[in-house]
Structures are given as C-alpha cells and as structure tokens.
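Just so you know, the sequence shown maps onto residues 58 to 453 in my numbering. Glycine included, every Cβ here is placed at the ideal spot set by N, Cα and C. Below is one structure, written out as structure tokens, with a few remarks after it.
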Amino acid sequence: MVVLKFGGTSVSSKKSLEQIRSILAAKKDNFIVVVSAFSNVTNKLEEIVQNALINDSIRIIEEFKGLHLTFINELILIDHQPKLIEHLELKCNELETICKGVNILKELSEKTKAQALSIGEQLSSLIVHQFLNQEKLDIEHIDSCELIIANNSHLKAEVDIEKTSKNIKNFIQKKNYITGGFIAKNKLNEIVVLGRGGSDLTASIYANSIGASSIEIWSDVNGIHSANPKKVKNTLSIDKLSYEEAFEMAYFGAKVLYPPSILPLIKKKIPLYLKNTFYPNHTGTFISSSNHKTNHKIQGLSSLNDIAIITISGIGLSRKKGSARKVFETLEKENVNVILITQSSSEQSIGIGLQSEDAKISKKALDKAFYKEIKNEKIQPIIITDDQCIIALIGD
Ligand code: ASP
Ligand code: MG
C-alpha cells in the first residue's frame with residue numbers, strides 16, 4: 058500500500074484535481090490519500106476565530122462558505138451537491154456558534170481554536186472524496202478523528218502512536234481511502250490538530266501504521282531546494298537526501314515538509330518522495346535511508362528567521378560546574394525551546410538562540426535565576442540581541 062498526501066494548492070482547482078485523479082489511477086497498489094484544507098483555508102479559519110474576540114465574524118464566515126460553495130459548484134455533479142452543501146451549512150453554523158461564544162466570553166482557548174481549525178480538512182476531504190468518486194475512482198472516506206489519537210496540546214498535539222497504529226491497522230482493508238490531514242482526537246474525545254503543516258504528519262502516521270511501501274507528498278514545488286527559492290536566486294532542486302538531511306532542511310525553513318513527519322518514516326525505513334502536482338514528471342526529491350553517500354558534502358543552505366540571541370557572560374562562569382544546567386533548567390521551566398547553543402572554550406560566555414517571542418520572558422527568568430551572580434559582578438547583565446537569523450549548511 059502507498060500513502061499520498063496532497064497539499065492545499067494541489068486540491069484547489071479542477072485541473073489539479075484531475076491531475077491527482079490520473080496520478081491515483083496509475084497506482085498498481087491500494088492507497089491512502091491524505092488532503093490538506095483548500096488553499097489558505099486554515100489561515101482564514103484562524104482569522105475568523107481571532108476576529109471573534111473583537112467583532113462578530115459573520116462576514117468572514119460568509120466568505121469562507123462562499124469559497125467552499127464555489128468548489129462544490131465547480132467540482133461536483135449537480136445530483137451530489139445537496140448533501141455536501143448541507144454539510145457545509147452545518148459546519149458554518151458550528152463556526153458561527155463558536156464565534157458567538159468567543160465574542161461573549163472574550164476568550165479564545167486552544168481547545169476552541171483547534172475545533173475551528175479542524176473544519177478546513179473536514180470539508181476538503183469530503184469534497185475531494187466526492188470528486189474522485191464521480192471520476193470513477195473506487196475510494197472510501199475515513200474520518201481521521203476516529204483513528205488518530207493525540208494528546209498534550211490542542212494545537213500541536215502529540216500522536217499516541219501505539220493506540221493510533223492499532224486503530225489504523227484494525228480499520229484499513231485492501232481498499233483505497235481518502236482522509237483529511239491535520240486533525241485528530243485526544244483521549245477526552247476533543248478535537249485536536251497536529252500543528253500548522255501537520256497534514257504531512259498525518260500521512261506519515263498512516264504510512265508507519267500500515268507499513269506502506271512508500272509515501273508521496275505532493276505540493277506546488279519540485280521537492281526540497283538547495284535554498285529557499287523565495288529568498289535566493291538560482292536554487293537547485295535536490296534529487297536525493299537522507300532522512301537526517303531532509304529533517305534539517307525542513308527544520309531550518311524548507312516549508313515543503315513538516316519536520317516531525319520524518320520520524321515515523323525512519324523507524325520503518327519508508328521511502329519518501331516529494332513531488333510537484335503541477336509538474337508530475339519532475340523527479341522532485343527522494344528521501345530514504347540508503348541516500349547516505351552523495352557527491353555533495355553540502356546539500357543545501359537554509360535559514361530560520363525571528364531569532365533572538367541571549368548572551369550570558371562573565372568570569373564567574375569559568376570553571377563553574379552546573380552553570381549551563383542552570384541556564385537550561387531556567388528556560389525549561391518557562392517552557393522555552395532552545396534552538397541554538399554556543400559556549401566559548403574559555404567557558405566565559407554562553408550564547409543561546411531562541412524564538413524572538415520567547416526573548417523577554419527568558420531574560421526575565423535568567424535575570425532572576427542569576428540575580429546574586431549579577432549583583433556580585435561575577436556575571437555581566439544578560440544581553441538580548443534580537444532580529445537575528447540562524448543560517449545552516451546542511452549535509453550528512
Ligand atoms: N491545513 C493545515 C495548515 O495549513 C495543515 C496542513 O495543510 O498541513 O497548516
Ligand atoms: Mg505543508
């Protein structure tokens with residue numbers, strides 16, 4: 058069995074859906090298709106619930122509905138439209154009710170936001186399913202919320218791979234399936250989502266669970282490039298990468314792949330193809346465990362923006378055991394993720410790269426933790442240098 062994931066732009070026009078149909082029709086194996094929400098829909102849903110904090114969101118919900126109605130009208134045969142329109146209305150009513158609640162309470166919890174964001178994939182998967190069905194493809198719809206169990210956070214939930222795999226293995230038969238990515242349920246039966254870009258992870262969870270022979274992630278670019286084509290001229294698309302290189306490229310900004318989706322594939326050595334729906338003949342990028350020895354030592358260059366560097370320095374750090382631990386412990390307590398670490402060999406300074414938005418609370422917490430040392434001038438006042446970026450050269 059193979060798993061194919063199609064991103065937002067790939068499912069957002071009749072022409073590209075016809076392309077998808079022919080990609081699927083050429084498969085000799087059974088397959089599971091994972092789709093994202095239509096182009097820009099998750100952003101729109103975010104805007105809708107965020108706006109509800111201040112205004113009523115009726116106008117933007119109408120826009121949202123109109124966009125989906127256009128898809129239904131363009132893609133779906135007239136006889137099959139009423140059922141989908143009814144479902145769309147149901148979801149838009151749900152969205153309105155959510156927004157009313159948010160507006161009255163002036164509070165938008167992660168739980169509420171996840172419920173709203175999930176609507177994009179719930180709708181796109183049903184509409185694309187109907188389209189493929191009427192194009193004579195034998196394919197069943199699955200609700201991923203019934204199979205994927207994920208906990209700990211509503212917006213970036215962590216998949217319980219054991220329970221999920223069991224559910225998927227029990228459910229999947231020798232048939233073709235389609236499902237919405239990104240969405241899941243937690244153990245309290247609440248809807249959660251897997252983080253922005255999380256449909257890739259859904260696909261790789263299915264691939265891992267069924268032991269797929271391969272996974273294909275189809276987007277609107279020719280795989281991973283040697284640098285971000287939006288920032289750098291004359292980039293090349295990379296034809297082969299190891300899992301580790303692909304993870305680094307994805308982590309450091311290549312938006313084609315959601316980094317957490319690599320791990321479930323490594324475990325079962327499932328080869329991953331990144332392909333372009335709009336140029337299906339382009340080889341794209343092939344990622345596998347056998348891609349270790351390549352001609353280039355360096356595969357690519359990527360970057361992370363919005364980084365702040367915090368510097369802790371002073372002779373008081375030299376030869377003092379446990380100062381680095383104290384720094385990390387302090388940041389961990391504040392739930393801050395450290396992205397980059399440097400320590401000078403004289404041990405007199407520690408530099409830490411983190412997301413700009415975490416800089417203030419980090420400095421405050423470190424100031425407090427090292428209050429005594431700073432007061433005694435063993436350590437200099439802690440410095441934040443904001444508006445930095447991390448540039449990474451990537452190679453195995
Ligand atoms: N629709 C979600 C997002 O835009 C998930 C995905 O497309 O991967 O982040
Ligand atoms: Mg994506």
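Item: Spatial neighbours of D86 within its chain, please: CB distance less than 6 Å, with the 5 preceding and 5 following residues excluded, ordered by chain position.; Value: M58 and V59
Item: How would you label S299, buried or exposed, when you count the other beta carbons within 10 angstroms and need 16 or more for buried?; Value: buried
Item: What's the call for I327, buried or exposed, on a 16-neighbour Cβ count within 10 Å?; Value: buried
Item: Taking the alpha helix (DSSP H) that L102 falls in, what are its first and last residues?; Value: V98 to N108
Item: For N112, is the classification buried or exposed, using 16 other Cβ atoms within 10 angstroms of its Cβ as the cut-off for buried?; Value: exposed
Item: Between I117 and E104, how many whole angstroms is the CB-CB distance? I'm expecting something under 8 Å.; Value: 6 Å
Item: Closest to L358 by C-alpha separation, out of S375, G123, A381 and K287, would be which residue?; Value: K287
Item: Take A449 and list the residues in its own chain whose beta-carbon comes closer than 6 Å to its own, dropping the five residues that flank it on each side.; Value: F309 and S359
Item: Please determine whether the Cβ atom of G64 lies at a distance below 7 Å from any heavy atom of the ligand MG.; Value: yes
Item: Have a look at L423 and V384 and give me their C-alpha separation to the nearest angstrom.; Value: 7 Å
Item: Could you give the C-beta distance for L165 and V216, rounded to a whole number, given that I count them as a contact under 8 Å?; Value: Not confirmed; about 24 Å, so no contact.
Item: Are there three or more Cβ pairs, one per stretch, closer than 8 Å when the segment 68 to 81 is compared with the segment 152 to 165?; Value: no
Item: If I'm right that K140 touches F121 with Cβ under 8 Å, what's the distance once you round it to whole angstroms?; Value: Rounded, the Cβ-Cβ distance is 19 Å, inconsistent with contact.
Item: Should Y330 be listed as close to the ligand MG, given that the test is whether its C-beta is under 7 Å from any heavy atom?; Value: no
Item: Unbroken alpha helix (DSSP H) runs of length 4 or more, entirely within the segment 276 to 309: which are they?; Value: 300 to 308
Item: Whole angstroms is fine: what's the gap from T221's alpha carbon to I407's?; Value: 41 Å
Item: I'd like the span of the beta strand (DSSP E) that includes H186, first residue to last.; Value: Careful: H186 lies outside any beta strand (DSSP E), inside the alpha helix (DSSP H) at I176 to Q191.
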